[in-house]
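Peer 1:
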Amino acid sequence: MTAHPVTYQSIQDYTEALLIEFDPTLISYEQVLDQWKRDASPYPSSTQYRTAVWFVDAAQATRANAFVDRMSGKAHVGVEPATQFFRAEEYHQDFIKKQSSRY
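According to my numbering, the sequence shown holds residues 12 to 114 in order.
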């Protein structure tokens, strides 16, 4: 994670993403993907809100591609290598908690 070079208002070709750090001795990558499938919408509306799974190594790439291949035919889910991740501005952190009346 690096310093945030852009603001929400200046986003152009960025995709909003969630960085999940996990201990593979406690939960498998497949379990993380299964939870993601329960929580995510595989129907993107724009580049900013598209649906994708990012991987950090060849083993995750293989598992992510197999996972997406097993999803229903109408799902549109990209599988891409993880690149530079920028933490969102503070007002976006814990967004659902901060906006609990809306959710």
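Positions of the beta carbon are idealized from the N, C-alpha and C atoms, including for glycine.
Helix, strand or coil, according to DSSP, for residue 32 in the structure here?
Peer 2: coil
Peer 1: Please go through the same chain and pick out, in chain order, the residues whose beta-carbon is closer than 6 angstroms to the beta-carbon of residue 89, but skip the five residues on each side of it.
Peer 2: Excluding sequence neighbours, residue 89 sits near 63.
Peer 1: Tell me, to the nearest whole angstrom, how far the beta carbon of residue 30 is from that of residue 78; I am working on the premise that it is less than 8 angstroms.
Peer 2: At roughly 18 angstroms, the Cβ-Cβ gap does not stay under 8 angstroms, so residue 30 and residue 78 are not in contact.
Peer 1: Classify residue 75 as buried or exposed, calling it buried when 16 or more other Cβ atoms lie within 10 Å of its own Cβ.
Peer 2: buried
Peer 1: Could you please give the first and the last residue of the uninterrupted alpha helix (DSSP H) stretch that includes residue 41?
Peer 2: Element bounds for residue 41: 40 to 50.
Peer 1: State the start and end residues of the unbroken alpha helix (DSSP H) segment that holds residue 79.
Peer 2: 69 to 81
Peer 1: Run the CB neighbour count on residue 8, radius 10 Å, all protein chains shown included, and call it buried at 16 or more, exposed below.
Peer 2: The question about residue 8 has no answer, for the chain in this structure spans 12 to 114.
Peer 1: Under the DSSP definition of a beta bridge, which residues are partnered with residue 66?
Peer 2: 92
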